[in-house]
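Under our numbering, the sequence shown is numbered contiguously, ending at residue 503. For glycine and all other residues, C-beta sits at the position ideal for the given N, C-alpha and C. Data block below; observations after.
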Amino acid sequence: MLIYEVNLEVNSAIFDNYMLWLKPHIGELLALKGFVKAELLLEQQAGEVAVKKVTVAYYLDNYEDYLNYIDNHAPHMRKDALERFNGQFRVHSRRVLHVEGSYLAQT
């Protein structure tokens, strides 16, 4: 299992529209081979901010499925976001994490 993490900075002025686009976009990725689930995370920020910080963590079965996404689907999907919101958001970082273990609190 691995996590493909995308960290975004979205201008507050278009944030609501961006989120309306992002949620179905996440669904499109989840329809691809190997994608298991996604978590949409918003950074807690105090007060009014010019840029809102968003993280999407996609869980995939394996690295080969991630590479399939990067090679065959990512260019088109990224182009869509750039055409809709060019200059109003940026991808701060992307990274791939291997899940070494998962732990739950003892109740």
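So, are the CB atoms of V495 and L436 less than 8 Å apart? Not a contact, by the Cβ cut-off of 8 Å.
N- and C-terminal bounds of the beta strand (DSSP E) containing I410: Taken as a continuous stretch (DSSP letters only), I410 belongs to no beta strand (DSSP E), as it is neither H nor E.
With burial defined as no fewer than 16 other Cβ atoms inside 10 Å of the residue's Cβ, what is the status of V445: buried or exposed? Around the Cβ of V445, a 10 Å sphere holds fewer than 16 other Cβ atoms; the residue is exposed.
Distance check for F431 and N413, CA to CA, integer angstroms please. Computed Cα separation, rounded: 25 Å.
Under a Cβ-count criterion, where at least 16 other Cβ atoms within 10 Å of its own Cβ denotes burial, should L404 be classed as buried or exposed? By the neighbour-count rule (16 or more Cβ atoms within 10 Å), L404 is buried.
Can you name the residues that DSSP bridges to V487? The partner list for V487 (beta bridge, DSSP) reads L404.
Nonlocal neighbours in the same chain, by C-beta distance under 8 Å from I410, ignoring five residues either side: Hits under 8 Å: F481, Q484, F485.
Provide the residue(s) that pair with T451 in DSSP beta bridges, ordered along the chain. Bridge partners of T451: N403, L437.
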